[in-house]
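**Student:** Pasting a structure below so you can have a look.
Protein chains: 2
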Amino acid sequence: MTTIRDVAKLANVSVATVSRVINNNGYVNESTMQRVRQAIEQLNYRPNDVARSLFKGKSKMIALFVPDIMNPFFPELARAVEDISNKHGYTFILCNTDNQNDKEITYLNALLQKSIDGIILVSSTMTTSQVKDMKVPLIALDRKINPNLISVTVNNYEGARQAVQYLKKQGCKRIAHISGPENISNARERFRGYLDEVRDEEWFNSDFICVGNYAVNDAFEATKKLLQSNPEIDGIFVANDLMGVGVLKAAESLKIKIPNELSVIGFDGIELGNITSPSLTTMAQPIYNIGKRAAEILIQKIEHPNTVIKSEEHKVKLITREST
Amino acid sequence: MTTIRDVAKLANVSVATVSRVINNNGYVNESTMQRVRQAIEQLNYRPNDVARSLFKGKSKMIALFVPDIMNPFFPELARAVEDISNKHGYTFILCNTDNQNDKEITYLNALLQKSIDGIILVSSTMTTSQVKDMKVPLIALDRKINPNLISVTVNNYEGARQAVQYLKKQGCKRIAHISGPENISNARERFRGYLDEVRDEEWFNSDFICVGNYAVNDAFEATKKLLQSNPEIDGIFVANDLMGVGVLKAAESLKIKIPNELSVIGFDGIELGNITSPSLTTMAQPIYNIGKRAAEILIQKIEHPNTVIKSEEHKVKLITREST
DNA sequence: TTGTAGGCGTTATCAC
DNA sequence: GTGATAACGCCTACAA
């Protein structure tokens, strides 16, 4: 490996001068600069980032924690964060937490040892005490962790209300909800939105609510039971698209026609919903964009610790497809 | 930040001793070991990995290059690599290359500056000269780069033949192929498998072949044209599942019944194929497993540079679903 | 405008 | 068994 010393020797200057050229700060004569540049070129010298990190205490790396990259919601988020990291000269680290707090803590410690510069968390298991007093910048994405931790999310509550309103407008008279896990903030908000929209309807019945785990299979089973016990249901608001797929499959297996006999609306707007048949109407999140913003905000926090930064709540948008 | 020096001071020993305890090598008295352990505990000391990396010239980080994590084939690969990295104490870096060689080279250089320990490449654009004489271990995954670079792939050629044979067995008399990009090794092999299986059939017609780009939309358009000009086609072997979805959609839009009028078989075995209706018959790769093996081999190469390592070709497996 | 030297936190080599 | 100390490669006071 060629070091700054080799360059200095070849250019007949001190390492300090080479350093000045590399980082172009400090005074350096035009002609010596040329010499140094040439030596760098000639030796194909690249500064060692590890040494730099050691000196600066910063690594130019940021990490994203997601439950599981195999869940189709997360790749787009990851892509966005990686794009922005890359654009700003940061290296992107991906961690799958499986929603397990001990994994999160283990990753966190490992990354701190590596002088990670900042972390974006999609987490429903990190506790308030675990995130406060952290010396590295953190941002919550998709799920709020606590009110003091900056977050980038969408208007889950409003979006849920809009989804239910849309089903009503389509003529649904008995609207059910398949919710996400209660420990996930966005699932709670979507549930609350549903509830506020239906609780005063004379037809409302708490049997219309079931809890899913944001995965296809659970929703499939839940929907079968739901529709068999409550055949009067003519609309379902599903808390995410993945479960929406499960609902479509359940309806198919019960020979219930969509949208004629049952309307279904999901949440998220992942590409998958476009591929099912019938395709899935959904409240689409600006997925790429929230990932992008989280990364931008994080980098802002890293590079300008004093700027005031606020949480952001982005808007979801109705995308009507064949399931309604 | 608390350093090894702080621990040494508190335990009344030298940094050397602390280092011995941390890495448990060299002799150290049981009782002093206790003292040191306690001091570490008390100060909640964690060794600084950056300093370690600087000294060792290794970073305990490995990277995976994929074209685009948003393509549903790659998350499972990424998950596998991350799992294995993590298990062996490595940090996982993800890079999206968009199949662009300049991006690959930029990433490569950036990672070398960070003393990356090894890289797994899913690449169709890296050249032989770019990968040879690399000082860090490289492994090709999913796509071969050149015969000298260790690779973990599947038996694309044989799998393609099996796919076509299966269509024949289902009674197909005119079998078309939608291939992947010619610069991707696995696409070429799958194409060759198809060709060797059909070239001697009296019905064979080179119009039955079209080139796709491994994405849904292209295949959708290609299939429409293909089926309109050649209505006699009753079977399609599609080079990957993503394009398989495009084929299904095209058939639907042409009101062609699957599998009655047309049988479709894909390649890859991504979860998506299970969700379409009809669901997609496919030659499934052991996706997680090849990612896992690539990571294991890479780590082997990193930690035991002298062991002889060979390329691996894993087997694909027919999964019959509703499209045939 | 340039050079010297100390330090970032660890590890490993030598002495003792 | 244990302790000094010289690297690892870079950056930045401080001097000159």
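Those sequence lines, one after another, are chains A and B. At position 268 of the first sequence (counting the first as 1) the number is 267 in numbering that gives the first Met the number 0, and the numbers step up by one without a gap. At position 262 of the second sequence (counting the first as 1) the number is 261 in numbering that gives the first Met the number 0, and the numbers step up by one without a gap. Don't be surprised by glycine CBs; every beta carbon is placed ideally from N, CA and C. Being a predicted model, the structure only gives us computed values, none of them experimental.
Which full runs of the beta strand (DSSP E) of 3+ residues lie inside the segment 70-143 of chain A, going along the chain?
**Tutor:** As far as the segment 70-143 of chain A is concerned, its whole beta strand (DSSP E) runs of at least 3 residues are 90-95, 117-120, 137-140.
**Student:** Below 6 Å CB to CB, which residues in the same chain sit around residue 185 of chain A once its five sequence neighbours on both sides are set aside?
**Tutor:** Residue 185 of chain A sits at position 186 when you count from the first residue of the first sequence. Same-chain partners within the cutoff: 142, 155.
**Student:** What is the residue span of the beta strand (DSSP E) that residue 267 of chain B lies within?
**Tutor:** Residue mapping note: residue 267 of chain B aligns to position 268 of the second sequence, counting from 1. First-last of the beta strand (DSSP E) with residue 267 of chain B: 262-267.
**Student:** Have a look at A:191, A:276, A:152 and flag the residue whose alpha-carbon is nearest the alpha-carbon of residue 163 of chain A.
**Tutor:** Here residue 163 of chain A refers to the residue found at position 164 when the first sequence is read from its first residue. Cα-wise, what sits closest to residue 163 of chain A is A:191.
**Student:** What did DSSP end up calling residue 52 of chain B once you bin it into helix, strand or coil?
**Tutor:** Locating residue 52 of chain B in the second sequence gives position 53, counting from the first residue. Looking at residue 52 of chain B - three-state DSSP - the assignment turns out to be helix.
**Student:** Could you tell me whether the Cβ of residue 72 of chain B comes closer than 8 Å to any Cβ of chain A?
**Tutor:** The residue given as residue 72 of chain B occupies position 73 in the second sequence. No - not a single Cβ of chain A is within 8 Å of the one on residue 72 of chain B.
**Student:** Between the segment 277-293 of chain A and chain B, which residues of the former have CB atoms less than 8 Å from a CB of the latter, in chain order?
**Tutor:** The residues in question: there are none.
**Student:** Around the C-beta of residue 75 of chain A, are 16 or more other C-beta atoms found within 10 angstroms, so that it is buried, or is it exposed?
**Tutor:** On the first sequence, residue 75 of chain A is found 76 positions in, with the first residue counted as 1. The residue in question, residue 75 of chain A, is buried, as its Cβ has 16 or more Cβ neighbours within 10 Å.
**Student:** For a contact defined as C-beta to C-beta under 7 Å, what are the partners of residue 69 of chain A on chain B?
**Tutor:** Locating residue 69 of chain A in the first sequence gives position 70, where the first residue counts as 1. Result: 74, 75, 78.
**Student:** Taking a contact to mean a Cβ-Cβ separation below 8 Å, would you say residue 6 of chain A touches residue 42 of chain A in this structure?
**Tutor:** Counting from one through the first sequence, the residue named residue 6 of chain A turns up at place 7. Counting from one through the first sequence, the residue named residue 42 of chain A turns up at place 43. Contact flag set, yes.
**Student:** Quick one: list the residues of chain B neighbouring residue 113 of chain A, beta-carbon separation under 7 Å, in chain order.
**Tutor:** Working through the first sequence from its first residue, we reach residue 113 of chain A at position 114. The contacting residues are 48, 49, 90.
**Student:** Less than 8 Å between the beta carbons of residue 313 of chain A and residue 289 of chain A, yes or no?
**Tutor:** Translated into the one-based positions of the first sequence, residue 313 of chain A becomes position 314. Translated into the one-based positions of the first sequence, residue 289 of chain A becomes position 290. For residue 313 of chain A and residue 289 of chain A, yes; Cβs fall inside 8 Å.
**Student:** Name the residue from A:111, A:124, A:151 whose alpha carbon lies nearest to the alpha carbon of residue 133 of chain A.
**Tutor:** Residue 133 of chain A sits at position 134 when you count from the first residue of the first sequence. With distances taken between Cα atoms, residue 133 of chain A lies closest to A:111.
**Student:** As a quick exercise: from A:114, A:189, A:193, pick the residue whose alpha carbon is nearest that of residue 205 of chain A.
**Tutor:** Sequence index remark: in the first sequence, residue 205 of chain A carries index 206 (1-based). Considering only alpha carbons, the answer is A:193.
**Student:** If you drop the 5 nearest sequence neighbours on each side, which residues of the same chain put their C-beta closer than 6 Å to that of residue 211 of chain B?
**Tutor:** By one-based count along the second sequence, residue 211 of chain B stands at place 212. Only 177, 217, 218, 221, 242 meet the Cβ criterion.
**Student:** According to DSSP, is residue 59 of chain A helix, strand or coil?
**Tutor:** As a first step, residue 59 of chain A is located in the first sequence; it is residue number 60 there, counting from the start. Coil at residue 59 of chain A, not helix or strand.
**Student:** May I ask you to list, following chain order, the residues of the segment 238-267 of chain B that have a beta carbon less than 9 Å from some beta carbon of chain A?
**Tutor:** Result list: 244, 247, 248, 251.
**Student:** Over the uninterrupted alpha helix (DSSP H) stretch that includes residue 186 of chain B, give me the two end residues.
**Tutor:** Stepping through the second sequence from its first residue, residue 186 of chain B is reached at position 187. Looking at the DSSP string, the run of the alpha helix (DSSP H) that includes residue 186 of chain B is 184-197.
**Student:** Residue 64 of chain B bridges to which residues according to DSSP?
**Tutor:** For this step, residue 64 of chain B is matched to residue 65 along the second sequence. Bridge partners of residue 64 of chain B: B:94, B:120.
**Student:** How is residue 312 of chain B classed by DSSP in three states: helix, strand or coil?
**Tutor:** Along the second sequence, read from residue 1 onward, the residue named residue 312 of chain B stands at position 313. Three-state result, residue 312 of chain B: strand.
**Student:** State the Cα-Cα distance for the pair residue 148 of chain A and residue 138 of chain A, rounded to the nearest angstrom.
**Tutor:** As a working note, residue 148 of chain A is residue 149 in the first sequence. As a working note, residue 138 of chain A is residue 139 in the first sequence. Cα to Cα, the separation comes out at about 7 Å.
**Student:** Reducing DSSP to helix, strand and coil, say where residue 325 of chain A ends up.
**Tutor:** With chain A covering only 0 through 323, there is no way to say anything about residue 325 of chain A.
**Student:** How long is the line joining the alpha carbons of residue 27 of chain B and residue 114 of chain A, rounded to whole angstroms?
**Tutor:** In the second sequence, residue 27 of chain B corresponds to position 28, counting from 1. In the first sequence, residue 114 of chain A corresponds to position 115, counting from 1. For residue 27 of chain B and residue 114 of chain A, the distance between alpha carbons rounds to 30 Å.
**Student:** Strictly under 8 Å for the Cβ-Cβ distance: is residue 58 of chain A near chain B by that measure?
**Tutor:** As a working note, residue 58 of chain A is residue 59 in the first sequence. Yes, residue 58 of chain A lies at the interface with chain B (some Cβ there is under 8 Å from its Cβ).
**Student:** Can you list the residues of chain A that residue 363 of chain B reaches, using a CB-CB cut of under 8 Å?
**Tutor:** Any property of residue 363 of chain B remains undetermined from this structure, which presents chain B solely from 0 to 323.
**Student:** Would residue 118 of chain B and residue 95 of chain B be called neighbours here (beta carbons separated by less than 8 Å)?
**Tutor:** By one-based count along the second sequence, residue 118 of chain B stands at place 119. By one-based count along the second sequence, residue 95 of chain B stands at place 96. No, the Cβ-Cβ distance between residue 118 of chain B and residue 95 of chain B is not below 8 Å.
**Student:** At 8 Å on the CB atoms, spell out the chain B contacts of residue 93 of chain A, in chain order.
**Tutor:** Stepping through the first sequence from its first residue, residue 93 of chain A is reached at position 94. Neighbours of residue 93 of chain A on chain B, chain order: 77, 81, 91, 92, 93.
**Student:** Anything in chain B within Cβ reach of residue 52 of chain A, meaning under 7 Å, just list it in chain order.
**Tutor:** By one-based count along the first sequence, residue 52 of chain A stands at place 53. What residue 52 of chain A touches in chain B: 49.
**Student:** For residue 275 of chain A, which residues in chain B fall below 9 Å Cβ to Cβ?
**Tutor:** Taking the first residue of the first sequence as position 1, residue 275 of chain A is located at position 276. By Cβ distance, chain B contributes 274, 275, 276.
**Student:** Indicate the three-state DSSP secondary structure (helix, strand or coil) for residue 20 of chain B in the structure shown.
**Tutor:** Taking the first residue of the second sequence as position 1, residue 20 of chain B is located at position 21. It is helical.
**Student:** Starting from the C-beta of residue 318 of chain A, find all residues in its chain whose C-beta is less than 7 Å away, skip the five residues before and the five after it, and write them out in chain order.
**Tutor:** Locating residue 318 of chain A in the first sequence gives position 319, counting from the first residue. For residue 318 of chain A, where only same-chain residues beyond five positions count, the Cβ hits under 7 Å are 268, 280, 281, 283.
**Student:** Please classify residue 172 of chain B as buried or exposed, where buried requires at least 16 other C-beta atoms within 10 Å of its C-beta.
**Tutor:** To locate residue 172 of chain B, count along the second sequence from 1; it is residue 173. With fewer than 16 other Cβ atoms within 10 Å, it is exposed.
**Student:** Specify the secondary structure class of residue 152 of chain B as computed by DSSP and reduced to three states.
**Tutor:** Here residue 152 of chain B refers to the residue found at position 153 of the second sequence. The answer is strand: DSSP assigns residue 152 of chain B an E or B state.
**Student:** Terminal residues of the continuous alpha helix (DSSP H) containing residue 281 of chain A?
**Tutor:** The residue you call residue 281 of chain A lines up with position 282 of the first sequence. That residue, residue 281 of chain A, is in no alpha helix (DSSP H); its beta strand (DSSP E) goes 280-283.
**Student:** Could you work out which residue in A:125, A:150, A:50 is closest to residue 309 of chain A when comparing CA atoms only?
**Tutor:** The residue given as residue 309 of chain A occupies position 310 in the first sequence. Selected option, being the one with the closest Cα: A:150.
**Student:** Beta carbon of residue 245 of chain B, beta carbon of residue 197 of chain B: below 8 Å?
**Tutor:** Here residue 245 of chain B is taken as the residue at index 246 of the second sequence, counted from 1. Here residue 197 of chain B is taken as the residue at index 198 of the second sequence, counted from 1. No, the pair does not count as a contact, with Cβ atoms beyond the cut-off.
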